[in-house]
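Trainee: Numbering follows numbering that gives the first Met the number 0, in which position 201 of the sequence shown is assigned residue number 200; successive positions increment by one, without gaps. Let me begin by handing over the structure; questions about it come next.
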Amino acid sequence: MKIRLLHLDGIRGLLALTVILGHWLGSRLGWGNVNFSHSYISVDGFFILSGFVLAYVYSDKLKSNSISWSCYSLHRLARLYPLHILTMFFTYLIYSNFYTAYPFEDPLKTAIYNLLLVHGMGLSNSWSWNDPSWSISVEFFCSVLVFPLLLKIRRNITLATISAIGYVLVIAVHQNLMASNDLHLYILSSGFIKSISGMSLGVLVKNAVTENGKLEEKKAFNSLMQLLTLSFISYFIYTKDLVTSYDGIAIIAIAYFIYSTTIHDTILTKILSSYIISGIGKISFSLYLFHTPLMLILDQIPFYAESGFKTQSAIFYTSLIIISVIGYNLFELPSYKYLKKKTDMHYIAKWKNKNAMP
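Right under this line is the structure:
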């Protein structure tokens, strides 16, 4: 079994928090000139991380055929689908009980898209239901349809080219990477294209880590470079200034930060691997998918709706952490383990029956 890279949990957790902060501040202060309005780049960071982690966990298994594509695909479905459906159901209960009308178009059609996990693939140009889950849709299909092909690419320059082309295609239409559901190139959504680019870059970073291994020299210099990179990423995400023209640099910075903190055991790597920071990363999927339903239901409580920004913030973040910890431990992780075990048992039994044939 692969050793869990705790610092990657930490990075994922921090990226998730920036997305939540962006949505929270936008919903409270207006969606205009607010801090964390560039946290859309954090979702691209998720795609890069997913490419890296999937390559780290499944590369050898898929290349050696010790796991079949169908078994791997069911593993991905077991990981992503249960929590998506649960939070969509919560969102449905909130909208159906507290809203006079759904605040998005075609609720029935988009519900079907969500159930089929295709709602981020360009079939609908507007947001629907649990809005952040569009990224789960594109990540799933990219991970099962594109990722296995990316593993077959031997040259990192090819992976870099694929990644760059995807980002350029999206930027050419939107002038930045703040795009998700819109249909792009007639058949692919911008979100799906970004997912391909991100996973390509993640596989590239994993290849570079494998080639170089752990490096111990120049710790002070590498610590400084990591700090400068993190400072740039943080400024990009936090600032109110219009910095979308630097999207490409932010993407490269995130990829470098993942690479550097993996091969260099610096103070930042230790901080990211700490119990609290990596713990946030472990529950980041629950944080990500629960935060919108929580915002919706809290707004229906008179005391909360009439409270000031600080009180609302304290209630929201405390509730979100508690719900996410409970959701992770009682639903997200158990459902994944159960479904993954059932999948593995099925394929083991299938393999035994095949080899038992005369």
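Just so it is clear, CB atoms sit at the ideal spot from N, CA and C, and this is done for glycine as well. All figures in this text were calculated on a predicted structure; none of them were measured in a lab.
Quick check on residue 212: buried or exposed, where buried means 16 or more other Cβ atoms within 10 Å of its Cβ?
Mentor: exposed
Trainee: Do you know whose CA, among 193, 277, 335, 78, lies nearest residue 246's CA?
Mentor: Closest option to residue 246, Cα to Cα, is 193.
Trainee: When the distance is taken between beta carbons, is residue 116 closer than 8 Å to residue 80?
Mentor: yes
Trainee: Measuring only the C-alpha atoms, how far is residue 46 from residue 302?
Mentor: 38 Å
Trainee: Going by CA-CA distance only, name the one from 96, 221, 274, 43 that's closest to residue 191.
Mentor: 43
Trainee: On the CB-based measure, 16 or more other CB atoms within 10 Å of its CB, does residue 356 come out buried or exposed?
Mentor: Per-residue confidence for residue 356 stands at a pLDDT of 47, beneath the threshold of 50, marking its modelled position as unreliable; the derived number appears in the next sentence. Counting Cβ neighbours within 10 Å, residue 356 comes out exposed, since fewer than 16 surround it.
Trainee: How is the alpha helix (DSSP H) around residue 51 delimited, first residue to last?
Mentor: 39–62
Trainee: Would the beta-carbon of residue 35 fall within 8 Å of that of residue 236?
Mentor: With respect to the 8 Å criterion, residue 35 and residue 236 are classified as neighbours on the basis of their beta carbons.
Trainee: What did DSSP end up calling residue 356 once you bin it into helix, strand or coil?
Mentor: Annotation note: pLDDT 47 at residue 356 (below 50); position unreliable, no value reported.
Trainee: Could you check the C-alpha separation between residue 37 and residue 348 for me, to the nearest Å?
Mentor: So the two alpha carbons sit approximately 48 Å from each other.
Trainee: Which whole-angstrom value describes the C-beta separation of residue 158 and residue 150, a residue pair presumed to lie in contact below a C-beta threshold of 8 Å?
Mentor: That belief does not hold up - the Cβ atoms of residue 158 and residue 150 are roughly 10 Å apart, past 8 Å.
Trainee: Taking a contact to mean a Cβ-Cβ separation below 8 Å, would you say residue 280 touches residue 59 in this structure?
Mentor: Residue 280 places its beta carbon 8 Å or farther from that of residue 59.
Trainee: Skipping 5 residues on each side, what residues in its chain have a beta carbon closer than 7 Å to that of residue 1?
Mentor: 55, 56
Trainee: Take residue 141 as the anchor and find which of 123, 171, 343, 119 has the nearest alpha-carbon.
Mentor: 119
Trainee: Does DSSP put residue 241 in a helix, in a strand, or in coil?
Mentor: coil
Trainee: Could you check where the alpha helix (DSSP H) with residue 210 kicks off and where it finishes?
Mentor: 189–211
Trainee: Measure the CB-CB distance between residue 219 and residue 40 and report whether it falls below 8 Å.
Mentor: Pairing residue 219 with residue 40 gives a Cβ-Cβ distance that is not under 8 Å.
Trainee: Pick helix, strand or coil for residue 294, following the three-state DSSP scheme.
Mentor: Residue 294: helix per DSSP, three-state reduction.
Trainee: If you draw a straight line from the alpha carbon of residue 77 to that of residue 260, how long is it in whole angstroms?
Mentor: 29 Å
Trainee: Using alpha carbons as the reference points, say which of 203, 109, 112 lies closest to residue 153.
Mentor: 203
Trainee: Taking its Cβ as the centre, do 16 or more other Cβ atoms sit within 10 Å of residue 166, making it buried, or is it exposed?
Mentor: buried
Trainee: Please report the residue range of the alpha helix (DSSP H) in which residue 366 lies.
Mentor: No statement about residue 366 is possible, as the shown extent of the chain runs from 0 to 357 and does not include it.
Trainee: Go ahead and pull the three-state DSSP assignment for residue 263.
Mentor: coil
Trainee: Comparing alpha-carbon positions, which option in 199, 189, 269 lies nearest residue 5?
Mentor: 269
Trainee: Whole alpha helix (DSSP H) runs in the segment 93–176 with 4 or more residues, listed along the chain?
Mentor: 106–114, 133–144, 146–149, 155–173
Trainee: Go to residue 325, then tell me how far its alpha helix (DSSP H) extends in each direction, as first and last residue.
Mentor: 308–326
Trainee: Residues in the same chain with beta-carbon distance under 7 Å from residue 112, minus the five sequence neighbours each way, listed in chain order, please.
Mentor: 118, 122, 123
Trainee: Would you mind working out which of 13, 18, 147 sits nearest residue 69, comparing C-alpha positions?
Mentor: 147
Trainee: Is there contact here, the segment 287–307 with the segment 225–240, by at least three beta-carbon pairs under 8 Å?
Mentor: no
Trainee: Is the beta carbon of residue 66 closer than 8 Å to that of residue 271?
Mentor: no
Trainee: Roughly how many whole angstroms lie between the Cα atoms of residue 337 and residue 31?
Mentor: Cα to Cα, the separation comes out at about 43 Å.
Trainee: What would DSSP say about residue 343, mapped onto helix, strand or coil?
Mentor: helix
Trainee: Can you look up residue 1 in the DSSP assignment and give me helix, strand or coil?
Mentor: coil
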